[in-house]
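K.L.:
The structure is given below, and queries will be raised subsequently.
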Amino acid sequence: MSAPSTTTAHAASMPRPLISLDRLHAWFAYDKPFWGKVKTWIKPVNNISLDIIQGECLGLVGESGCGKSTLGRAILRLTPLTSGTIQFQGHPIESLNASALKPFRPKMQMVFQDPKASLNPRMNVLNILKEALVLNREVDPEHHLEESVRLLSLVDLRPEHLFRFPREFSGGQQQRISIARALATNPRFIVFDEATSALDVSVQAQVISLMKTLQHQLSLTYLFISHDLSIMEQVCARVAVMYAGQIVEVQDSTALFNAPRHPYTKALKDAVPIADPLHKKDLGVLKGEVPKLSSPPKGCHFHPRCDFRQDLCQEQEPAPCETDPNSWVKCHFHEQLWKQGALKDH
Amino acid sequence: MADNRTLYTDMARAAAREHRQVRWFELKRLLKRKSAGLALIILCMTFAAALFAPWISPYPEQGRGDVNVEHRLLPPSSDYYLGTDIYGRDMLSRVIFGSRISIFGGICIVISAALIGVPLGLWAGYNEGVSGTLIMRVVELFLSFPSTLIGMAISLILGAGWYTAIIALIIPWWPWYTRLVQGEVVSIKHMLYVEAARMLGYGRLTIIFRHLLPNILTPVIVMILLDLGPAIIAIGLLSFLGLGTQAPMADWGLMVWEGAPNILNEWWIAIVPGTAMFIVVIAFNIFGDALKDALDSST
Amino acid sequence: SAQKNMVYASPYGITTLDPSVSYSTELGYMANIYETLIRVNPPGSSELFSFVLATDFAASDDGMDYTFKLRKGVKFHDGSDFTAQAVKFSIERTQRLGKGAAFIWGDLKEIEIIDDYTVKLILKTPVPLPQIAASAYASYIMSPGVGDNGSDWFNKGMDAGTGPYTLKNYKDGESWMLAKFPDYWGGWDGNHVENILVKYTKAPLTQLQMLQAEQAMLVGRIPLDSYASIKKGKNTTVLYGPSYQNYMAFFNTTRPPLDNVKVRKALAHAIPYKDIINIGFNGNASQARGPVPQGQFGGTTDVIQYPHDLELAKSLLAEAGFKDGGFKLTLTYAAENGQEARFAPLIQSEFKKLGIDVEIKGLAWNTQWAMAKKDPKTAQDIFLLLWWPTYSDPYETLYSLLHDEGDKPVWNLAYYKNPSYDKLIRKAYETVGANPDKALKMYVDAQNMIQKDAPVAWIADVRENWPMNKKLKGVVMNPAYPQVPFFYNMYIE
Amino acid sequence: MDNTRTMTEHPMLQIKNLAVDFNTARGQAHILEGVDFELFPKEILALVGETGSGKSVTAKSILCLLPKSLSQSTGEVWFKKDNLLTLSNGKLQKIRGHQISMVFQNPQSSINPVFTLGEQISRLIRLYLPDQIESVMKLNNCSRKKAIDTIAEERLNEVGLTDVQRLLKSYAGQVSGGMAQRYRIALALLSSPKILIADEATSALDVTVQAHILKLMREICQKKKTAILFITHDLGIAAQICNRVAVMYSGRIVEIAPTEDIFKTPYHPYTQGLLKAVPKLGQKEALAYVPGMIPDLANPPKGCRFHPRCTYTMDVCRRRKPPMTAVGLSHRVACFLYDNHPKPRKVEI
Amino acid sequence: MILFLAKRFTGLILLLVALSTLVFFFTRSLPGDVAALYIGGNAKPEQIERARIELGLDKPLVVQYKRYMERLIFHADMGVSLRTHRPVFQDLLEKIPMSFELVFWALLFATLGGVFIGVISAYHHGTPFDGAVKWFTSAAVSIPIFFLALLLQLIFFNILGWFPLQGRIDSFLEFTHPIAHVTGFSMIDTLITGNFQAFFNVLWHMVLPVAALLVGPLGIIARLTRSSLLEVMQQDFILSARASGISEPVLFFYYGLRNALSPVLTVIGLSVALILMATFYVEMIFNWPGIGFYALAGIMSLDYPAITGIALMVGAIYVVANTLTDILRRVIDPRIK
Ligand SMILES: Nc1ncnc2c1ncn2[C@@H]1O[C@H](COP(=O)(O)OP(=O)(O)OP(=O)(O)O)[C@@H](O)[C@H]1O
Ligand SMILES: Nc1ncnc2c1ncn2[C@@H]1O[C@H](COP(=O)(O)OP(=O)(O)OP(=O)(O)O)[C@@H](O)[C@H]1O
Ligand SMILES: [Mg+2]
Ligand SMILES: [Mg+2]
């Protein structure tokens, strides 16, 4: 087996970003009039700056509809950008057109939220994989069949599955097929968009362990999107918390859940039900409504729902504030809260 | 390696075989519905009649149009099962020969319309930009234009004849396919698998033909089947106005037209082809319906 | 008391109600609303003409001017009196508009009013003016009260005639009424229908049904195959009469193989006249002899006829070098014309026996005609045509159909060229007024000249027929006025 | 403890040997075969299990909501004195919504998109609560419409929805998934039903809103004595709010027990696998999972449907379906391993 | 909504301009000799030449086009019919009401009947009744319209004698109670002039042509309603409403129907065009003096101003009908943006 490991394993000593986003905006026109300006914009990605370090698995959590998928798709240039820059391995790719983007496509892949919908129902697994393999220059077209089998074996599927159609697989298997497809192009970077949220825990565990194995084997970089905090810790070393189109906190995953620095992170954490009947707890309830992405609250987007808000929060948007290397938080009063221990568990 | 490959080929064969079995099962289930089976039998018989017209019609030369003046306007009898027309030709033979143009023409119209309309619909559905809008505007233009008028006008230009009738009908027909396909494409193009293909960096044409086309084929095929009836009727309508098939050939519509003035006395001249047309169209309809149900439930 | 109202289910629509312009199927109504100075009598009458708005006419010796004495006491529908002024006004208006059949007045120099009831028409050449004045088109007299009104005025449903009926309730494309004009000079004593509702009915089948259901007294065209049942019907009957309409097949003389006179003759012999008459016309026609139909002045049995004779046709073809045929011909006919559609296949079927393949094309009349006129080289091989004369002198027919039209053919769709023929018919035309017998001989000679070259096969002279209710009496048919029901003469028993 | 109490009471809902077949392209699919369980007053029963194991189908067949043309249901569903499966439509109507109500899996698609939320809730209020409308009308001296609005507002506030006035005027497409789900829950609670079936009722919510709903459920369960059948993937929820847990695998309940028992001593190999796969905050070692594939329901494995994936497969497993055996006080499991020795056996997977 | 209407309206104008351009050049490419047609009868060459100049046919096509468009846009002048020699616009104004009466009733009954039959058969889904409806609708959409019209005449006039054969009104009434021309709609005209005898007679005459026109659309609408409703009835929200204890009839007629109606409305919009087409044949067979009758005559005689006028009119009707159904769809279905 000739593993297509082209990059020599980098020592994690010098973490350098594989992808870096700078003030990225991706807005959608909500009511496009016949002529004239768009009146309302939906702003699922609103001024995001973030580095994804080579070889890491970055988690992205946040409530449903806050813009996680859009961010993932924006990085892969699957959704039109409004402004900002994206660098991939140092190359700016935010303004490349479709053909200029072609060489980058195989290197960045995505596993979509809904595995069934992301596989063409009229194509069998072989064709699905072949389609991606064509883009992998290192594989001779003659060997596509063997390569497909190899990919399937990577994701724990058997050769006879090659000739089946997506609908003949269970959700978890479909998810694995899309992972196989993502791997077929020999990518450096994969976005997992809630790749496990539709699955039951057993199947979810299956997919996650697969992801981890592959990451080690092929030294891949992941962006792992989910709104389930419990699996974040399993999968990711670093986690970004997203709220209403913005990233409010980035931290080391263990630290994040032990000692959140942003009130929203804390609220999320409190609301997670723990699968242990002996540790029944009062689930934290976040008051207020999910903000509209078209007109997010002024100042800190989270302030209407924050227990610790002060006047400043309503007026001024907090700037990111570095707490550790590669970690930062966007809250005016995070230091104060930290000192008070207001966000600690009781 | 080589062994592996033969192994894979074997596996492919096995999988294909199984797949075919499933298809066969679906077909059987479809035919188990009595009406669909009956419709299919009628259609097969009609096809056979059209194909083997010279051999199965009692008076093939009359079927082709030779007049038989001595036996004009005879009612159905044991010599002429369905009677004779104003030129004394055997109605049965005429109807059998008439099926040729009706059925061939019908198929020709819908297939050509699909061949024109489907790619345009795919393109227009996938590119909602200038080209797509343009196509849809043209489609709307055609749809808003009375199709019978188009048909007639074209027949008038090219001269009446069964082939011009067919051309004249294809022209107002294709926009319906474009419309159907465009709608379907718009509804599936945001599916994740299309996005996945874009993620891989494939261009429009690849996506259109590899990903969109196979997924809209079912409604198109059903529409083709359901359209065959109307197409046969449409040829008949043009012929009815004297703009379609020309003597001595005949399609069913023309025969109804020719027989209509006699309907009070020699009713069989119009009723026989009219009924034939009605039965075949209904058969296409029922079969198309059944196929639709079968295809819908299997995906 | 006798019924005074009747329904006429007519397939003949109205294209214009302007009597100066009218040149189409509205004739049937115009002839009941308007009147001409004189009228041609049906064949077999003792007199050639009968007098309508004129009471007498006389020609000068050289045939260059004609004096008409006019009827007194005639009123127009608008209430004014009919005088010589009206005659001058009408003819000049027609000439001025120059539409429709206005060409018939082409040889008229001027109109002189002698007194209120005498008028003199002066000609440029000695053409037969009475025939022209009796024309079915463009010779109607209308009230000077029309003034400067154009066709629009008429087309709103107005009329200004002297005829027994006036137009009422005109709904184009649906129905209109010919209502009794109370002041008609002929008076309303005796038996006359007084109001005629014309129902414009295109579908022959509907006409038949209306007739059988007694919803119509008179109809225009019904399915031919129903004639037997009409004749047998309790209430219905068919009245036959002569007509000057005939069907012909033009051969394209500019292109092989039809540029060969032998081939043309062979085809003329191969046309199954009898079958055509029996099936195509349900017996309601006879084989034509030449361009001029039998019964019309100029139509005599002296004109050569080509009888149906396949053997002869075969040998002629062989002589021409086409043993067993082996060529293809296209035949066009007017798709609107059910009659042609009916017999065209018979020709096709018969020609097949000679080994000639005929492709039949039914085209809208106007398309067919346009294609024939465009370029003889690419035009059809055989062109079926229905013809009827505008006025009852053969010249119009002979001239229109066969005189050399150069490279812009209009009616000569055989593209036939024969200078001596052209000369002969013109001479006959200028002779006819003064010496009808001599002219007749010349007309016959001219026709035989044509027959020898066989550029056209004369298929059938049609007989006029009126399917109608048995109770309808007094129906007069006059072939000079095709498809005109003279309602004034009709009455219901 | 809770479970001892429940055993003494009469069950609110009793399902016996429920089997459902679907007609599919590949033939009859045996989606459910022999589902047995009961629901007691004031309890919350969690129904967990693999994707496609038939949880939603079970829920729907309780209320006879499966399309009759496509499926056949056999067995018994006893509610009070009636077997719901044999009840006439008219009688079912009186039970559906009034006595047993249900929240569907996909919140947005289970709201009629062409009526405003207000229209839909007021129709149900008129159906369920005519008395209350009257009393509100008397109390507030207001019109009928007003009264209905008042009730609607009150009920929607209960599930944590704010800005109700706007909500009542919007259509399904105009509200977020979370709002839609809470709205559906409010509808289901409108009639104060005896039984609430919640099919993944919180899966579209983010954790914070979910927490609110879970709290609410617990409240009504206690206050109004409503029994809740809570279908979920999230074992965390099961652990936090449910009294008992039923584990479903390929059309059968394979294990049912009080929550604590299930988490502490799972018996069935599948349950054990499932529990191991639950991610926990702070857990470092890799998650375990049940290997193998979901069985094809048109062609299910003979005998115990789990046997192809089970490490303890015995001969008998391939031949016969394991019956439900009691292995403890109100703890039952369908596995031959426990035929003789009702001790949980750690199954290595 | 106003924006939408404005958009549709500009769309209509653009469509009509495009349509008239298309039809103009199209008809001019027809091989007929327009001038000769205009003269009629046995036209003589010099007359034809004169008519050509009168009609402006001697000018280059572009000039003709400019002239045509100017007249069309600024004077609603579509030229003079070559056949009737009257302004096409006037002709159309006269004919439209007559056809409209047929189309209106046909559409009304096809819609009401179709939806009703569709709902009932969906409600009784799978029963013999449903099967019968299925056969009936299959037959309805399969029967060629001209054949149907002939059969109707044969059965209801010739055999049963229940309905009149043809025309708008009995002939004898045209003598005694002629329809006054006020609006052109005979039903309205007879009503406002108090001509009740004619009114009922006209109604009676409409039965067969309307029946011939409505059978096809009725079948289509019934089928579509049925299948669309059946699909809707499987949706979660219906299931959910059923689970809330809503009774079945309410579920079908109130909850389901409104959801199912959107595609049905689209088809009703399209049916307008279909019915208009069908009037070509029906009016001919039933001798109904409407637009179809006029169009057919126009086509057969290559009366291009009339053809253009009809095309424009049918196009406009199509767009208006579709706009109306679109608006209706928006009203009943807020999902459509
Ligand atoms: N193509 C688009 N056009 C308009 N709005 C869009 C588009 N794609 C996404 N949105 C909007 O952007 C917002 C964020 O969507 P996104 O899918 O990124 O959320 P998410 O965080 O992934 O949510 P979930 O957890 O439910 O997947 C949503 O409100 C959505 O409606
Ligand atoms: N209408 C239907 N026709 C055919 N098969 C069906 C139908 N509805 C459900 N099924 C099948 O029944 C099985 C059980 O489905 P069900 O929806 O009950 O699963 P579930 O346990 O609720 O899964 P999930 O956790 O994904 O909601 C599945 O295999 C599904 O494919
Ligand atoms: Mg997402
Ligand atoms: Mg479910």
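Taken in sequence, the protein lines are chains B, G, H, S and C. First residue of the first sequence? That's 1 in my numbering, and the numbers climb one at a time after it. First residue of the second sequence? That's 1 in my numbering, and the numbers climb one at a time after it. First residue of the third sequence? That's 1 in my numbering, and the numbers climb one at a time after it. First residue of the fourth sequence? That's 1 in my numbering, and the numbers climb one at a time after it. First residue of the fifth sequence? That's 1 in my numbering, and the numbers climb one at a time after it. Beta carbons are placed, not taken as given, at the ideal position from N, Cα and C, and that holds for glycine.
For the beta strand (DSSP E) containing B/W41, name the first residue and the last one.
P.N.:
Stepping through the first sequence from its first residue, residue 41 of chain B is reached at position 41. Taken as a continuous stretch (DSSP letters only), the beta strand (DSSP E) holding B/W41 covers W41 to I53.
K.L.:
Considering H/P467, what are the terminal residues of the beta strand (DSSP E) in which it resides?
P.N.:
Here residue 467 of chain H corresponds to residue number 467 of the third sequence, with the count starting at 1. It spans E464 to N469 - the beta strand (DSSP E) in which H/P467 sits, taken as one unbroken run.
K.L.:
What are the residues of the stretch 72-102 of chain G that lie near chain H, defined by any Cβ-Cβ distance shorter than 8 Å?
P.N.:
If the cut-off is 8 Å between Cβ atoms, the stretch 72-102 of chain G has R72, L73, I86 and Y87 near chain H.
K.L.:
Kindly give me the distance between the Cβ atoms of G/Y193 and B/S118, rounded to whole angstroms, as I take these residues to be in contact under 8 Å.
P.N.:
Translated into positions along the second sequence, residue 193 of chain G becomes position 193. Translated into positions along the first sequence, residue 118 of chain B becomes position 118. The Cβ separation is near 5 Å, so the contact holds.
K.L.:
Beta strand (DSSP E) containing B/F88: first to last residue?
P.N.:
Stepping through the first sequence from its first residue, residue 88 of chain B is reached at position 88. Here the beta strand (DSSP E) through B/F88 covers S83 to F88.
K.L.:
Measuring CA to CA, which of B/C331, B/K292 and B/R176 is closest to B/D307?
P.N.:
The residue labelled residue 307 of chain B in the question sits at position 307 within the first sequence. B/D307 has its Cα closest to that of B/C331, out of B/C331, B/K292 and B/R176.
K.L.:
In chain order, which continuous runs of the alpha helix (DSSP H) of length 4 or greater are located wholly inside the stretch 106-169 of chain G?
P.N.:
130-144 and 147-158, all fully within the stretch 106-169 of chain G.
K.L.:
I need the boundaries of the alpha helix (DSSP H) containing S/L156, first residue and last residue.
P.N.:
To locate residue 156 of chain S, count along the fourth sequence from 1; it is residue 156. Looking at the DSSP string, the run of the alpha helix (DSSP H) that includes S/L156 is R144 to E158.
K.L.:
So what does DSSP say about S/L378, is it helix, strand or coil?
P.N.:
Absent from the model: residue 378 of chain S. The displayed extent of chain S is 1 to 349, so no value can be given.
K.L.:
Does DSSP classify B/R73 as helix, strand or coil?
P.N.:
For the purposes of this step, residue 73 of chain B is taken as residue 73 along the first sequence, with counting starting at 1. If DSSP states are grouped into helix, strand and coil, B/R73 belongs with the helices.
K.L.:
Is the CB-CB distance between S/L194 and S/A227 below 8 Å?
P.N.:
Locating residue 194 of chain S in the fourth sequence gives position 194, counting from the first residue. Locating residue 227 of chain S in the fourth sequence gives position 227, counting from the first residue. First, the residue type needs correcting, since residue 194 of chain S is Lys and not Leu in the sequence shown. Yes, these two residues count as a Cβ contact at 8 Å.
K.L.:
Kindly indicate if chain B contains any beta-carbon less than 8 Å away from that of S/Q210.
P.N.:
In the fourth sequence, residue 210 of chain S corresponds to position 210, counting from 1. Output row for S/Q210: interface = yes.
K.L.:
Taking the alpha carbon of B/V239 as the reference point, which residue from B/D51, B/P106, B/K339 and B/R188 has its own alpha carbon closest?
P.N.:
For this step, residue 239 of chain B is matched to residue 239 along the first sequence. Minimum Cα distance to B/V239 is reached at B/D51.
K.L.:
So, is the C-beta of S/I185 closer than 8 Å to a C-beta in chain B?
P.N.:
In the fourth sequence, residue 185 of chain S corresponds to position 185, counting from 1. Not one chain B Cβ lies under 8 Å of S/I185.
K.L.:
Please classify C/L14: is it buried, with 16 or more other beta-carbons within 10 angstroms of its beta-carbon, or exposed?
P.N.:
Taking the first residue of the fifth sequence as 1, we reach residue 14 of chain C at position 14. It is exposed - the Cβ of C/L14 has fewer than 16 other Cβ atoms within 10 Å.
K.L.:
I want to check one thing, is the minimum distance from the CB of B/F28 to the heavy atoms of ligand 1 below 7 Å?
P.N.:
The residue given as residue 28 of chain B occupies position 28 in the first sequence. Checking the Cβ of B/F28 against ligand 1 gives yes.
K.L.:
Going along chain S in order, which residues have a C-beta closer than 9 Å to the C-beta of B/L268?
P.N.:
One-based indexing of the first sequence puts residue 268 of chain B at position 268. The contacting residues are D206, V207 and T208.
K.L.:
If you pair each beta-carbon of the stretch 102-122 of chain B with each one of the stretch 203-220 of chain G, do three or more pairs fall below 8 Å?
P.N.:
A contact exists between the stretch 102-122 of chain B and the stretch 203-220 of chain G.
K.L.:
Runs of 3 residues minimum, wholly inside the stretch 76-117 of chain S: which ones carry the beta strand (DSSP E) assignment?
P.N.:
As far as the stretch 76-117 of chain S is concerned, its whole beta strand (DSSP E) runs of at least 3 residues are 100-103.
K.L.:
For ligand 2, I want to know if B/T79 counts as a neighbour, meaning its beta carbon is within less than 7 Å of at least one of the ligand's heavy atoms.
P.N.:
In the first sequence, the residue the question calls residue 79 of chain B occupies position 79. B/T79: no, Cβ never under 7 Å from ligand 2.
K.L.:
Any C-beta of chain S within less than 8 Å: which residues of the stretch 203-214 of chain B qualify?
P.N.:
Against chain S - using a Cβ distance shorter than 8 Å - the residues of the stretch 203-214 of chain B are V203, Q204, A205, Q206, I208, S209 and K212.
K.L.:
Measure the CB-CB distance between H/L70 and H/V119 and report whether it falls below 8 Å.
P.N.:
The count along the third sequence starts at 1 and reaches residue 70 of chain H at position 70. The count along the third sequence starts at 1 and reaches residue 119 of chain H at position 119. Contact: yes.
K.L.:
Consult DSSP for H/N252 and reduce its assignment to one of helix, strand or coil.
P.N.:
The residue given as residue 252 of chain H occupies position 252 in the third sequence. Coil at H/N252, not helix or strand.
K.L.:
State yes or no: is the C-beta of G/L92 within less than 8 Å of the C-beta of G/E266?
P.N.:
Taking the second sequence and counting its residues from 1, one reaches residue 92 of chain G at position 92. Taking the second sequence and counting its residues from 1, one reaches residue 266 of chain G at position 266. No, the pair does not count as a contact, with Cβ atoms beyond the cut-off.
K.L.:
Would you check if the distance between the CB atom of S/S192 and the CB atom of S/K224 is smaller than 8 Å?
P.N.:
The residue given as residue 192 of chain S occupies position 192 in the fourth sequence. The residue given as residue 224 of chain S occupies position 224 in the fourth sequence. Yes, the Cβ-Cβ distance between S/S192 and S/K224 is below 8 Å.
K.L.:
Whose C-alpha, out of S/P113, S/G178 and S/Q132, is nearest the C-alpha of B/V290?
P.N.:
Here residue 290 of chain B is taken as the residue at index 290 of the first sequence, counted from 1. B/V290 has its Cα closest to that of S/G178, out of S/P113, S/G178 and S/Q132.
K.L.:
Looking only at its own chain, which residues have a Cβ that is under 8 Å from the Cβ of B/L337, when we skip the five neighbours before and after it?
P.N.:
One-based indexing of the first sequence puts residue 337 of chain B at position 337. Closer than 8 Å at Cβ, skipping near neighbours: R261, P263, F308, C331 and L343.
K.L.:
Write down every uninterrupted run of the beta strand (DSSP E) in the stretch 407-491 of chain H whose length is 3 residues or greater and which is fully enclosed by it, in chain order.
P.N.:
The qualifying runs are 456-462 and 464-469.
K.L.:
Is any non-hydrogen atom of ligand 2 found closer than 7 Å to the C-beta of B/Q246, if you look at the structure I gave you?
P.N.:
For the purposes of this step, residue 246 of chain B is identified with residue 246 of the first sequence, where counting begins at 1. No - ligand 2 has no heavy atom lying nearer than 7 Å to the Cβ of B/Q246.
K.L.:
Evaluate B/H161 with the Cβ neighbour count: other Cβ atoms within 10 Å of its Cβ, from every protein chain shown; 16 or more gives buried, anything less gives exposed.
P.N.:
Here residue 161 of chain B refers to the residue found at position 161 when the first sequence is read from its first residue. Buried: at least 16 other Cβ atoms inside 10 Å.
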